[in-house]
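S.K.: Here it is, the structure in full.
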Amino acid sequence: MCVERQSDRIDRAARRLTAWLAGTLLFTSPLLAQATPEIQTWNTDNGTRVLFVAAPEIPMVDVRLVFAAGSARDGERSGLASMTAAMLSEGAGDWDADAIADRLDGVGAVLSTDVDRDMATVALRTLTRQPAFDTAVDTFATLIARPTFAPGELERVRQNRLVALRQEDESPRSVGQKALYRAVFGSHPYASDPSGTPESIADLKRAELADFHARHYVGSNAVLAIVGALDRAGAEALARRLVSGLPSGEPAAPLPPVPELADAILKSIDFPSSQTTVLAGQPGMRRGDPDYFALHVGNHILGGSGLVSILMDEIREKRGLSYSTYSYFLPLAQPGPFLMSLQTRNDQAEQARAVMLDTLKRFIDQGPTEEELTAARKNITGGFPLKIASNSNIVQYLAVIGFYDLPLDYLDRFRERIESVTAEQIRDAFARRVHPERLAIVTVGASSTQVEAGSATEQVSLARGTH
1 MCVERQSDRI DRAARRLTAW LAGTLLFTSP LLAQATPEIQ TWNTDNGTRV
51 LFVAAPEIPM VDVRLVFAAG SARDGERSGL ASMTAAMLSE GAGDWDADAI
101 ADRLDGVGAV LSTDVDRDMA TVALRTLTRQ PAFDTAVDTF ATLIARPTFA
151 PGELERVRQN RLVALRQEDE SPRSVGQKAL YRAVFGSHPY ASDPSGTPES
201 IADLKRAELA DFHARHYVGS NAVLAIVGAL DRAGAEALAR RLVSGLPSGE
251 PAAPLPPVPE LADAILKSID FPSSQTTVLA GQPGMRRGDP DYFALHVGNH
301 ILGGSGLVSI LMDEIREKRG LSYSTYSYFL PLAQPGPFLM SLQTRNDQAE
351 QARAVMLDTL KRFIDQGPTE EELTAARKNI TGGFPLKIAS NSNIVQYLAV
401 IGFYDLPLDY LDRFRERIES VTAEQIRDAF ARRVHPERLA IVTVGASSTQ
451 VEAGSATEQV SLARGTH
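Numbering (UniProt numbering), first residue to last: 1 to 467.
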């Protein structure tokens, strides 16, 4: 049995597709130079919402099918959603994993699956020429509608996941981020990591995956995004072929609200590392939030713009406490996290944490300067065309717009809305939405005792001339 990783198959297929496109000199499209492509939308007979953008210049099509089947739907079986999605390409219909890989690789098609807290995504990129198109489309449709969850393949995927989880336990950043999500979200479904835990993954049964698929991989729980060299009729025909095998079913129930943190939380995790990872966070904002643009622009200034952010200036440039520090909002169906992070030497962890929090408090009190705001607006709007400069970029935006029911003019008005954000709106939004006195803070690194012991060992080594 071939045990080649799915990522290797995807990479190889992507290289073949790119090589073919290089031969045709069709890397770019005049359509994609436009900042606001026209979005067409309709529903299929089984209730799937479709969003489509025609991109006729390149003979290929990108597809993203998203279901409200993310890890927030795991219930008590952490990792159930991600394992279900991972198994789609490991056997479907009459094909085993090798047959599926051969079908896609043989026509240069690229298929991938992914799961976050809100959604499960199945993505396809294929040429529109025959027989590549039909082979890729038929394979995709079979995978989403008739996965077999073969016991042998399930066990192989399970063992691979357990290895990945062990590797994550060796990363202080991964350990810290999982702990922060638990601290921020408590008993809410967003608290658990999509990858699951070693205990939950080891215990998952085939029947549970099949049942999760039957409940969530249905037409009325799906959004289909299509970008490619098709007209409206061709896109409608493609949508029917892709999802006609799914029953209509019922949409997933809305997720529960995310409660605000009542008090500050501080958790220190001992970890044998020379640096301490510091993470701070709290519930932030949801998709479509009225404060989205003010918070987005404000965070760009605070910690989302790399070397020119305020956090980077205060922590790295002025004090040399960390090589990198950042902040971000992750909007979800319910408020996702607002998160700040840095890594620093163990003996500087308290100082770095204090500077990070003081910088946040000062930004909330004072807001950005007009110079900082002008630079942020230019940076965000200037980089926006690159974010929609390819079919794959646009199809991701379409999936987000459809899944979160954002207005169809979201791309049209993005730059206008960024340009209209004022410093006062940023101060007001941050004052109402970000609460430094109620942050969850997680540190992962050597304890003070371990640091002192390490310093003593280093001193002895130096005295002996063995350092």
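Even for Gly, the Cβ is constructed at its ideal location relative to N, Cα and C.
I need the straight-line Cα distance from residue 249 to residue 214, nearest angstrom please.
M.R.: In a straight line, the C-alpha of residue 249 is about 9 Å away from that of residue 214.
S.K.: In chain order, what residues of the same chain have a beta carbon less than 8 Å from the beta carbon of residue 246, not counting five sequence neighbours either side?
M.R.: Taken in chain order, the residues that qualify are 46, 48, 144, 145, 217, 218, 219 and 222.
S.K.: Candidates 141, 224 and 267: which alpha carbon is nearest residue 181's?
M.R.: Of 141, 224 and 267, the residue nearest in Cα terms is 267.
S.K.: What are the boundary residues of the alpha helix (DSSP H) that residue 172 is part of?
M.R.: That run of the alpha helix (DSSP H) goes 172-185.
S.K.: Quick check on DSSP: helix, strand or coil for residue 271?
M.R.: Three-state result, residue 271: coil.
S.K.: Identify whether residue 126 lies in helix, strand or coil by the three-state DSSP scheme.
M.R.: Three-state result, residue 126: strand.
S.K.: Assign residue 292 to one of three DSSP states: helix, strand, or coil.
M.R.: Three-state DSSP puts residue 292 in a helix.
S.K.: Find the nearest neighbour of residue 173 within the set 428, 188, 368 and 342, judged by alpha-carbon distance.
M.R.: Nearest of 428, 188, 368 and 342 to residue 173, Cα basis: 342.
S.K.: Taking all protein chains shown into account, do 16 or more other C-beta atoms lie within 10 angstroms of the C-beta of residue 397, making it buried, or fewer, making it exposed?
M.R.: Residue 397 is buried by the Cβ-count criterion.
S.K.: Would residue 152 be called buried (16 or more neighbouring beta carbons within 10 Å of its own) or exposed?
M.R.: So residue 152 ends up on the exposed side.
S.K.: Is it buried or exposed, residue 391, if we count other Cβ atoms within 10 angstroms and call 16 or more buried?
M.R.: Residue 391 is buried by the Cβ-count criterion.
S.K.: Is the stretch 314-327 touching the stretch 341-357 in the sense that three or more CB pairs, one from each, lie closer than 8 Å?
M.R.: Short answer: they touch.
S.K.: So, with DSSP's three-state summary, where would you put residue 104?
M.R.: Helix at residue 104.
S.K.: Would DSSP call residue 89 helix, strand or coil?
M.R.: Helix.
S.K.: What does DSSP give as the partner residues of residue 164 in its beta bridges?
M.R.: Its beta-bridge partners do not exist; DSSP assigns none.
S.K.: Quick check: residue 88 and residue 113, are their CB atoms within less than 8 Å of each other?
M.R.: The answer is yes: Cβ separation under 8 Å.
S.K.: By Cβ distance, which residues of its chain are closer than 8 Å to residue 438, with the 5 residues on each side in sequence left out?
M.R.: Excluding sequence neighbours, residue 438 sits near 260, 261, 262, 263, 264 and 282.
S.K.: Select from 300, 257, 170 and 252 the residue whose C-alpha is nearest the C-alpha of residue 444.
M.R.: Checked all of 300, 257, 170 and 252; the closest Cα to residue 444 is 170.
S.K.: When the Cα atoms are used, what is the spatial distance from residue 168 to residue 193?
M.R.: Spanning the two alpha carbons is a distance of roughly 11 Å.
S.K.: In whole angstroms, give me the CA-to-CA distance for residue 129 and residue 185.
M.R.: Their Cα atoms are separated by approximately 47 Å.
S.K.: Output yes or no for whether 8 Å exceeds the beta carbon distance between residue 297 and residue 401.
M.R.: No, they are not a contact pair.
S.K.: Taking only the alpha-carbon atoms, compute the straight-line gap between residue 77 and residue 289 and give it to the nearest angstrom.
M.R.: Computed Cα separation, rounded: 30 Å.
S.K.: Please report the straight-line C-alpha distance between residue 163 and residue 420, rounded to a whole angstrom.
M.R.: Going by the C-alpha atoms only, they are around 48 Å apart.
S.K.: Taking residue 207 as part of the alpha helix (DSSP H), name the residues at either end of that continuous run.
M.R.: Looking at the DSSP string, the run of the alpha helix (DSSP H) that includes residue 207 is 206-216.
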